[in-house]
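Notes follow the structure.
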Amino acid sequence: MKIAPSLLSCDFSKMGEEIERMDLAGADWMHLDVMDGHFVPNITFGAPVIKAVRKFSNRPFDVHLMISDPLKYIDDFADAGADIITFHVECDSDIDDTIAKIKSRGIKPGLVLKPNTPAWTVFPYLEKLDPGFGGQSFMPEMMPKVKEIKRECQRRGLNNILIEADGGIGRDTIEQASEAGVDVCVAGTAVFRAADPAKAIELFKSF
Ligand code: ZN
């Protein structure tokens, strides 16, 4: 399993160093949660911040857009250095157009579902996705949905689609998540607050 530490759990006063710390600890991707205060209640950071911290690691930047109109901002995040852009199937932008726009910038697209959104909502787009969409939720409620999506991908021979679980996976649920088909795990405090982040990351990667 790959691990993508979510910078939401880092010390924002030294975000660059925190990215460096995760890089050295062996993180596969850096997960950056962008929230607009509209699609979700909170506001986090945007493209200028991502651009500023980009130089602290060569690992892929996995940018998760929790924003109402992602299509409008794809160029900004592409210019900021995103390698993967995931956005929500529940957003207001046209899904096909947004996937096409992301791909046109040489970036890997992904679709994300909110916890209460059924798996079938992403099925019409599976062929267009390169890797991954995150399922944002908590274990174990999410597992049947992960299995359902994994099964559908396999049925269509789409073996390059990665399934990302955004949050909620800890020591006690990694095995279950891996068995259900999770390929990438977003972790927050489990790695940022770990006494030994490298060890915590290694544990995730061992599944
Ligand atoms: Zn996220």
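So for the sequence shown, numbering that gives the first Met the number 0 puts the first residue at 0; every next one is plus one. Glycine included, every Cβ here is placed at the ideal spot set by N, Cα and C. Model, not experiment: these values are computed from the prediction.
Should residue i be counted as a contact of ligand 1 given a C-beta to heavy atom distance under 7 angstroms?
{"i": "S92", "result": "no"}
{"i": "H87", "result": "no"}
{"i": "H30", "result": "yes"}
{"i": "H63", "result": "yes"}
{"i": "S5", "result": "yes"}
{"i": "V185", "result": "yes"}
{"i": "D35", "result": "no"}
{"i": "D165", "result": "yes"}
For residue i, does the count of other Cβ atoms within 10 angstroms reach 16, so buried, or fall short, so exposed?
{"i": "R20", "result": "buried"}
{"i": "P47", "result": "exposed"}
{"i": "S5", "result": "buried"}
{"i": "P196", "result": "buried"}
{"i": "G166", "result": "buried"}
{"i": "I94", "result": "buried"}
{"i": "I160", "result": "buried"}
{"i": "A79", "result": "buried"}
{"i": "S92", "result": "buried"}
{"i": "S103", "result": "exposed"}
{"i": "G105", "result": "exposed"}
{"i": "W28", "result": "buried"}
{"i": "G109", "result": "buried"}
{"i": "F203", "result": "buried"}
{"i": "I66", "result": "buried"}
So who's on the other strand from residue i, going by DSSP bridges?
{"i": "T85", "result": "H63, G109"}
{"i": "S5", "result": "H30"}
{"i": "I94", "result": "Paired residue(s): none; I94 is not in a bridge."}
{"i": "D35", "result": "I42"}
How is the alpha helix (DSSP H) around residue i delimited, first residue to last?
{"i": "A24", "result": "14 to 24"}
{"i": "D75", "result": "73 to 79"}
{"i": "M142", "result": "142 to 154"}
{"i": "S177", "result": "173 to 179"}
{"i": "P196", "result": "196 to 204"}
Between which two residues does the beta strand (DSSP E) containing residue i stretch?
{"i": "A186", "result": "183 to 186"}
At a cut-off of 7 angstroms, is residue i close to ligand 3 when judged by its beta-carbon and the heavy atoms of the ligand?
{"i": "S67", "result": "You won't find ligand 3 in this model; what it holds is ligand 1."}
Taking residue i and residue j to be in contact with their CB atoms under 8 angstroms, please state how far apart those CB atoms are, rounded to whole angstroms.
{"i": "V90", "j": "D68", "result": "The displayed chain sequence assigns Cys, not Val, to residue 90. About 7 angstroms separates the two Cβ atoms, so the contact holds."}
{"i": "I151", "j": "L125", "result": "Correcting the residue type first, residue 151 is Glu in the shown sequence and not Ile. E151 to L125, Cβ: 7 angstroms. Contact."}
{"i": "D22", "j": "R58", "result": "6 angstroms"}
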